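Note that the sequence shown covers residues 1 to 343 in my numbering.
For every residue, glycine included, the Cβ atom is placed at its ideal position computed from N, Cα and C.
None of the values given here were measured: they were computed from a predicted structure.
Some notes on the structure that comes next.
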Amino acid sequence: MTESVSGGTSGSSLSYYLSRHRVDFKTAGTVRHNLWASYRIGDKLATVWGAPADFQIHKNLKTKVRDLFWGRSIDFDSNILTDEAVRKFCREWDKFRPDILVAYAGGLDFFVKRARDMKLSFAPPRAIITSAEILTQEARNNIEDFFEAKIFNRYGCREFSVIASECRYHNGLHINAETLLLEFEPIDELADKRKHCRVFITDLENVAFPFIRYELGDVVIASDEKTPCPCGRGLPRIDEVGGRVMDYLKLPNGRYASFTAITSTFFPTVRGIIKSRIIQKKIDKILVQIVKNNDFDEESYSRLRQGLARVLGDTVEIELEFLEDISREKSGKYRFVISEVAE
Ligand SMILES: [Zn+2]
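As structure tokens, this is what we get:
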């Protein structure tokens with residue numbers, strides 16, 4: 001039996017136990033998805049990882065064992081995104097020629113934007129596995145275009161490892177249903193009319209500790225499952241991970257808006273936005289922080305204003321703030337939406 005600690009669902013830490021059997025299932029879930037992405041034992045790995053703590057554990061405890069069985073790796077700490085660090089990683093990449101890239105979704109998106117500005121290029125890996133952060137469609141396009149490789153996104157957490165992940169058809173994420181039971185509870189009236197749901201997870205394999213209808217605090221977009229996935233796997237699917245429950249803004253008219261609903265509807269038509277974050281100050285006051293480049297012009301400004309008003313409604317006061325940069329959380333993750341409104 002192994003004792004573990006996670007961040008829990010409300011920011012407080014949760015201590016829990018995993019049976020040996022469950023630890024093996026966790027590993028198996030990860031290895032299975034690695035294989036879906038063509039990541040095989042012995043492949044050369046590159047990582048772009050954002051959590052300094054994970055990065056250290058990764059380095060000190062796991063590296064020796066992993067090197068024996070999984071081959072060597074080069075690692076980039078996406079918290080240190082200086083020009084010099086990016087250039088050094090590019091040189092390492094050139095020498096090492098990794099087969100597979102495993103990365104934080106948001107961290108890799110920023111990395112690519114920086115590398116693109118610096119006019120660097122990287123030999124394409126065979127596949128890219130992203131996890132740990134929300135992968136927006138815009139980030140997916142940006143990353144796949146830059147590396148000329150497909151992303152195999154996966155949704156997971158410390159407690160269960162892989163919860164759902166993409167096969168080579170990228171047709172939503174297949175749920176790891178042999179070991180986990182997922183139940184969905186819809187959140188009503190969203191801006192983009194898709195089935196955004198809170199998700200509750202029951203672990204079917206861990207006999208050492210009961211995880212029953214456990215809420216991680218994520219929102220997933222449920223699949224209508226009308227057409228089976230061409231890969232032939234019978235595992236049920238979710239369409240995508242929409243964000244954290246706390247990333248959803250409750251608006252004065254009773255509607256909810258998510259960051260992805262905002263970014264997928266009109267952000268792609270606004271030129272010159274590098275990063276953005278949305279902070280709800282009051283129920284009817286929203287601050288939008290933007291990091292822009294030279295392509296951002298008057299038209300960008302008016303499109304941004306109009307788009308925000310359309311998605312958020314005219315009962316909300318919207319303030320724009322332009323910043324040099326937007327920092328990450330201590331965990332190394334990047335939060336797109338922060339609500340300062342108490343429930
Ligand atoms: Zn499939």
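Does the Cβ of residue i lie closer than 7 Å to at least one heavy atom of ligand 1?
i           : result
residue 153 : no
residue 142 : no
residue 34  : no
residue 171 : yes
residue 233 : yes
residue 21  : no
residue 196 : no
residue 229 : yes
residue 167 : yes
Exposed or buried, residue i, counting other C-beta atoms within 10 Å across all chains shown (16 or more means buried)?
i           : result
residue 56  : Low confidence applies to residue 56: its pLDDT is 46, below 50, so where it sits in the model is not reliable enough to give any reading.
residue 80  : exposed
residue 350 : One cannot answer for residue 350 here, as it falls past the ends of the chain, which runs 1 to 343.
residue 212 : exposed
residue 33  : buried
residue 122 : buried
residue 169 : exposed
residue 240 : buried
residue 133 : buried
residue 162 : buried
residue 206 : buried
residue 203 : buried
residue 234 : exposed
residue 258 : buried
residue 302 : exposed
residue 30  : buried
Look up residue i in the DSSP assignment and say whether it is helix, strand or coil.
i           : result
residue 186 : strand
residue 57  : The pLDDT assigned to residue 57 is 45, lower than 50, so where the model puts this residue is not dependable; a value taken from the coordinates is nonetheless given after this. Note: residue 57 maps to helix in three-state DSSP.
residue 35  : helix
residue 112 : helix
residue 248 : coil
residue 198 : strand
residue 312 : helix
residue 52  : With a pLDDT of 48 at residue 52, under the threshold of 50, the modelled position of this residue cannot be trusted, and the question is left open.
residue 20  : helix
residue 302 : helix
residue 176 : coil
residue 85  : helix
residue 91  : helix
residue 141 : helix
residue 12  : Here the model assigns residue 12 a pLDDT of 48, short of 50, so the residue's position is not dependable and the matter cannot be decided.
residue 26  : helix
residue 152 : strand
residue 243 : strand
residue 307 : helix
residue 322 : strand
Can you give me the C-alpha to C-alpha distance between residue i and residue j, rounded to a whole angstrom?
i           : j           : result
residue 181 : residue 98  : 35 Å
residue 83  : residue 124 : 21 Å
residue 41  : residue 35  : 9 Å
residue 286 : residue 325 : 19 Å
residue 20  : residue 335 : 34 Å
residue 175 : residue 166 : 9 Å
residue 200 : residue 253 : 27 Å
residue 46  : residue 100 : 6 Å
residue 274 : residue 266 : 14 Å
residue 311 : residue 300 : 16 Å
residue 304 : residue 245 : 24 Å
residue 150 : residue 129 : 9 Å
residue 250 : residue 186 : 14 Å
residue 355 : residue 262 : Since the first residue shown for the chain is 1 and the last is 343, residue 355 is missing from the structure and cannot be characterised.
residue 327 : residue 321 : 14 Å
residue 183 : residue 238 : 11 Å
residue 231 : residue 276 : 36 Å
residue 53  : residue 4   : Only weak support exists for where residue 53 lies, its pLDDT of 44 falling under 50; the coordinates are left without a value.
residue 85  : residue 105 : 19 Å
residue 74  : residue 90  : 11 Å
residue 25  : residue 78  : 29 Å
residue 224 : residue 173 : 13 Å
residue 37  : residue 256 : 34 Å
residue 316 : residue 193 : 20 Å
List the whole-angstrom C-beta distance separating residue i from residue j, where the pair is believed to meet the contact cut-off of C-beta under 8 Å.
i           : j           : result
residue 76  : residue 102 : About 11 Å; that fails the 8 Å criterion.
residue 219 : residue 242 : 4 Å
residue 16  : residue 159 : 7 Å
residue 141 : residue 112 : So it is not a contact: roughly 10 Å between Cβ atoms.
residue 278 : residue 337 : 5 Å
residue 197 : residue 164 : 13 Å between Cβ atoms; not a contact.
residue 292 : residue 307 : Contact flag wrong, Cβ pair sits at about 15 Å.
residue 236 : residue 309 : Actually they are not in contact, since the Cβ atoms of residue 236 and residue 309 sit about 38 Å apart, beyond 8 Å.
residue 110 : residue 44  : With a Cβ gap of about 23 Å, residue 110 and residue 44 do not count as contacting.
residue 280 : residue 340 : 6 Å
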